[in-house]
Each structure stands twice: as structure tokens, then as C-alpha cells.
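Notes follow the structure.
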Amino acid sequence: MSTLTGPAGVVAASLTAFKPDLSIDTERTLAHAKWLLANGCDGVLIFGTTGEANSLSVAERLEVIEAIGKSDLPKDKLMIGTGCCAIPDTVALSKAALAAGVVRLLMLPPFYYKNQSEDGLYAAFATAIDRINDPRMNIFLYHFPQMSGVPIPDAVTAKLIKNYPGIVVGMKDSSGDFEHMKKMLTEHPGFELYSGTEKYLLDVLRLGSPGTISATVNVTCAQAAKVYANWKSDQADALQAEMTAQRVAMESAPAASAMKEMIARQTGDAAWRPVRPPFVAISDERYAALEEKLAQTQFRFPGTQAKAAE
735 MSTLTGPAGV
745 VAASLTAFKP
755 DLSIDTERTL
765 AHAKWLLANG
775 CDGVLIFGTT
785 GEANSLSVAE
795 RLEVIEAIGK
805 SDLPKDKLMI
815 GTGCCAIPDT
825 VALSKAALAA
835 GVVRLLMLPP
845 FYYKNQSEDG
855 LYAAFATAID
865 RINDPRMNIF
875 LYHFPQMSGV
885 PIPDAVTAKL
895 IKNYPGIVVG
905 MKDSSGDFEH
915 MKKMLTEHPG
925 FELYSGTEKY
935 LLDVLRLGSP
945 GTISATVNVT
955 CAQAAKVYAN
965 WKSDQADALQ
975 AEMTAQRVAM
985 ESAPAASAMK
995 EMIARQTGDA
1005 AWRPVRPPFV
1015 AISDERYAAL
1025 EEKLAQTQFR
1035 FPGTQAKAAE
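Under the working numbering, the first residue of the sequence shown is numbered 735, with each subsequent residue one higher.
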């Protein structure tokens, strides 16, 4: 791989906004993606874990993807999560993303059946890729064993890289295991592994990573942008330490509901509060505790949150 396919730097695993009836608020969701790009993010992932993707139906996701295609969002800065348990669902979402002009696809392993063989996991990815059958696509594997319950074995990653050159190009590694990130980056030069937490942004950049795809940069994007802009400077370690403290504080609360509450309070836009079950709204007590922790990190909410058109 000679050129970077994904956006280098800071990529937000973006939130999905809901209406009071818990249907997707597409206008607010896309407005938020634009706001992220205007406030320090180099890219945006739609339909990751923080975007509550696995609480959404395929039909709902297809509607949003169609809206993305018709929007003025820069498609070269977007990635869409398309990995599902059922191969036909993965194929349908991936083809829709490609038709909308988004070529970067984030794929979970099939995550319902546990303890499957490496051959089975490889076959699930390979079958989906073969059925999508589009040379434009750039597949990023989504390694998040704590949430999915299904790790992507290193041997499966290596085989996919070998057999699908220029197609399987990277990974979002949300394992929190820096040694695993280091191993992947060292053993597969040019493999576009993004750290799933901004805590390791500086560390992975120094190993050749393009950056981070993180949930909490929905609100820490300004600080993350400072780290990326200065990662080769003498300020890098100090800036990273400040951002790490903010991330650690954020980890004390449920990510999606905490950040939605923060956006609602900072902007006065209460429409940001709904989360879809099984997620629940953050309690006032827990949010107050989060605010107290963030106050010790010099955290500042970035910019002015975009709202959907009335």
C-alpha cells in the first residue's frame, strides 16, 4: 500500500440524533457531522458503536446513507459502519454506502455466534467482500472484543490483507490493548490501524498510524486536533497528557448519553438528549460527577454546536 486511503488525524465516531419517538433525526445527525469537521476532526465515522448502529435497523441505516449521498458532506472524509451479523445485510449497507460516494467501510465480525473458528471468521469477511464486488471499497476491520465478544484474530487479519490487497486496508482497534496496536502496525507496514481511543493517539502516530477513530472526540475534538497538529513538536507529550486526562474523565460515564447530555446543555438544544434503548439517559448525579472530573482537566467544549434546519 503506497498511499493513505483513510483520513489522517482525528476521526470522530459520530453520535446519532433521535427524535422524541426515537426515530432517527437525520438532519441533526448530518449537521453534527459537519460541526465535527469544522471543529478539529479530519474525518467522521457514521454508524459506529457510539452512533448506536446496532440499535438501528438496516432500513433505517439505508435511509440515512441515502441522505448522506444527497448531502454536501465531503464523502472523502467519511467512513460508514456496515458490518452486521448477516452477510446480506453487510452487503446491502456496503453497496449503499458506495453508491452514496463513501468508499471507506468499517466492518464488525459476525458477533452473535461466539467461539467460531478462524476459518469461519475469515469466510464471513471474504464472502461479504466478494459479494460487494467493488474495487473502490476500502475495508477497515472493527476490532472491539469487549463489546462484540468476537475478537478478530491476527491470523485472520493477515490473511485478509494478503488476499484482498488494496481492499482490506486498515482497522479500528478499540481493544484498548496498545501492544496489539503496536504488533499490527509493526508487522503490517502501511496497514491503516487507527487507535479506538485518543489516549494512544501520539503513541500510534509515532508507529506510523494515520490517527484515531474515537467516540469521545465528539467533544474532545479541539484538544485532539492540537495533538495531531503538533505531534512532531516539543509540545506533543504535554498536549497528549492533557487529552488523555480528558479521555479518562469521559470514561467514567456512558459515552453516548453523556455526550448527548453535554451537547444539549452547552447548546440549549434539548433535542440531543434521546438515546435508544438499551441505552438510557445519564442521571443528573452521574453527569455532575463527570463535570467535576472534566473541570480538573481544563476541558473546554469546542465551538458552537450545529443544529438541524428548522
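Beta carbons are placed, not taken as given, at the ideal position from N, Cα and C, and that holds for glycine.
Note that the coordinates shown come from a computational prediction; the quantities given were computed from them, not determined experimentally.
Let me know if Asp-776 comes out buried or exposed under the rule of 16 or more other beta-carbons within 10 Å of its beta-carbon.
buried
Using CA atoms only, rank isn't needed, just tell me which of Ile-814, Lys-804, Glu-1025 and Leu-807 is closest to Val-792.
Ile-814
Check the Cβ-Cβ distances between Pro-754 and every residue of chain C, and say whether any is below 8 Å.
Absent here is chain C; the protein component of the structure consists of one chain.
Specify whether the segment 794-810 and the segment 985-1004 touch according to this definition: at least 3 beta carbon pairs, one from each stretch, less than 8 Å apart.
no
For the putative contact between Gln-980 and Leu-936, defined by C-beta atoms under 8 Å, what is the C-beta separation to the nearest angstrom?
The Cβ separation is near 14 Å, so there is no contact.
Based on Cα-Cα distance, which residue from Thr-739, Leu-738, Ala-747 and Arg-762 lies nearest to Ala-1004?
Arg-762
Taking Phe-912 as part of the alpha helix (DSSP H), name the residues at either end of that continuous run.
912-921
Whose CA, out of Leu-875, Asp-759 and Ala-747, lies closest to the CA of Asp-907?
Leu-875
Straight-line CA distance for Leu-771 to Val-778?
7 Å
Beta-carbon proximity of Pro-887 to Pro-879, cut-off 8 Å
no
Who are the near neighbours of Thr-824 in its chain, counting only those whose CB is closer than 6 Å to its CB and skipping five residues on each side?
Thr-816, Gly-817, Cys-818 and Ala-862
Going by DSSP, name the residue or residues bridged to Ala-747.
Leu-779
Less than 7 Å between C-beta atoms, sequence neighbours within five positions excluded: which residues of the same chain meet that for Val-744?
Gly-774, Cys-775, Asp-776, Gly-945, Thr-946, Val-951, Cys-955, Ala-958, Ala-959 and Tyr-962
Rounded straight-line distance, which links the Cα of Pro-754 to that of Ala-970
42 Å
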